[in-house]
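Numbering (the working numbering), first residue to last: 10 to 419.
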């Protein structure tokens, strides 16, 4: 593990973020901000908290899903329907730089937490909203999740085998991609605020982010005059061979030899100079036209070998490749450990937990999260006290349920 020597504070040190979001896109966004040094206060509703707390995998009543997306944050659990709770939230907003939410457009306005109201309390506030379709357009009032955006965006229609039901992506691409876009937009808004003195409202949509991810399909459709639609091609990519999944004797591997030089090296490996010199495959358009033949030759070679034997030969020939690894293989990968992509944290209920790290690497500061995700209401007293509330006021709000914490949080 190569952890940088921390000669500087993380880049967002001194920025206070209020995270009033749930499930994934918003919490992932604020988790990233926390890793880069921001002070993030996770605000949750009494008893249930973030809906992500009810999402598995569970151990001893704790959600691994919640632990992963909320590490590095402080926890405040408050009843915003009580006027004392809303007043405390407004006091907190006055001290904040960023507010993150991912509710349906209009929902927080009814609660007294819309951008128009909060920007009056704090004109420098950068307010980031995440929703399925954004705050404008005919679908803006509709509910939605990442799955909806992935299907509606055209991404799912390009996956799987023709004639079969398109598969689920099995990783939350829309939510995570939108969350990282939020990080970029927030950082840009904070830089802009340095000169303008004012914050602004960032309106992010899961659907927009998924449509923006198309690297090929949209321009292909328009440039062809609307005649060329991407087709599902199963384990390969017929218009850019060789690029896909191949069977070995004991598993699967991927090969990325779609550029001419890589194809020539692959061809020499699997078919000798005769295949490397075959004019049918010399250029991408030729390989696409003769896709079935090119794929058949490569597949015939991989099927005769174990995955390890294939990878050793491909690596020696400098052809980009990898095994299709299972999670246990990923977690045993020396590269992952060298990059510190699995971190250990001391959790007050579970003891030591191991979770995925974020990929940010800076030369002069360490962005490894130090704090585990908060228990529900774990930092109620400390946060309220920092806002000037007395012990008597805090005790009264705790007794009345305006401030709530799970038993283990104290």
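For each residue, glycine too, the CB sits at the ideal point set by N, CA and C. Here the structure is a predicted model, which means the values were calculated and not measured.
Beta-bridge partners of residue 369 (DSSP): none assigned. Assignment of residue 212 by DSSP, reduced to helix, strand and coil, places it in the strand class.
If you look at residue 409, you'll find it isn't in any alpha helix (DSSP H); DSSP assigns it neither H nor E.
Judged by DSSP in its simplified three-state form, residue 353 adopts strand. Closest in alpha carbon position to residue 391, among 403, 384, 381, is 403. The beta carbons of residue 307 and residue 279 sit closer together than 8 Å.
Residue environment analysis places residue 266 among the buried positions, since at least 16 neighbouring C-beta atoms fall within 10 angstroms of its C-beta.
The Cβ atoms of residue 76 and residue 364 sit closer than 8 Å to each other. Between residue 359 and residue 68, the beta carbon gap of about 6 Å places them in contact (Cβ cut-off 8 Å). Contact annotation, residue 184 with residue 215: C-beta distance approximately 7 Å; criterion of less than 8 Å satisfied.
About 5 Å separates the beta carbon of residue 60 from that of residue 31, a gap short enough to meet the 8 Å contact definition. The beta carbon of residue 21 sits closer than 7 Å to those of 42, 45, 46, 47, all from its chain and outside the five residues before and after it, given in chain order. Secondary structure note for residue 29: its beta strand (DSSP E) is the uninterrupted segment 25 to 29. Between residue 81 and residue 72 the beta-carbon gap is near 16 Å, outside 8 Å, which marks them as no contact. Leaving aside the five residues that flank residue 376 on each side, the residues in its chain whose CB is nearer than 8 Å to its CB run, in chain order, 19, 44, 45, 46, 367, 369, 370.
If one requires a minimum length of 4 residues, the alpha helix (DSSP H) runs lying completely within the segment 224 to 312 are 226 to 232, 269 to 285, 293 to 298, 300 to 312, in chain order. By a beta-carbon distance limit of 8 Å, residue 25 contacts residue 104. Their separation comes to about 6 Å. A contact between stretches requires three or more CB pairs, one per stretch, nearer than 8 Å, and the segment 222 to 241 fails this requirement with the segment 199 to 210. The DSSP-derived three-state label of residue 205 is helix. Note on the segment 322 to 351: whole alpha helix (DSSP H) runs with a minimum of 4 residues are 336 to 340, 343 to 347, in chain order.
Straight-line spacing of the CA atoms in residue 242 and residue 263 works out to 15 Å.
In terms of CA proximity to residue 321, 275 leads the group 226, 286, 408, 275.
Around the beta-carbon of residue 83, 16 or more other beta-carbon atoms lie within 10 Å, marking it buried.
Secondary-structure assignment with DSSP links residue 77 through no beta bridge to anything. DSSP assignment within the segment 164 to 204 yields no whole alpha helix (DSSP H) run of 4 residues or more. As computed with DSSP, residue 50 is found in a beta bridge with 27, 83. Around residue 17, the same chain offers 373, 374 as residues with beta carbons nearer than 7 Å, after the five sequence neighbours per side are excluded. Taking all protein chains shown into account, residue 411 has 16 or more neighbouring C-beta atoms within 10 Å of its C-beta and is therefore buried.
For residue 126, the enclosing alpha helix (DSSP H) begins and ends at 124 to 130.
Here DSSP, grouped into helix, strand and coil, assigns residue 110 to strand. Counting the other CB atoms within 10 Å of its CB gives residue 200 a total below 16, which places it among the exposed residues. The beta carbons of residue 296 and residue 202 sit no closer together than 8 Å. Residue 364 carries a strand assignment under DSSP once its states are collapsed to helix, strand and coil.
Taking each of 187, 33, 166, 181 in turn and checking the Cα distance to residue 142, the smallest one comes out for 187. Under DSSP, residue 68 takes part in a beta bridge, and its partners are 71. Using a Cβ distance threshold of 8 Å, residue 319 and residue 235 do not count as a contacting pair.
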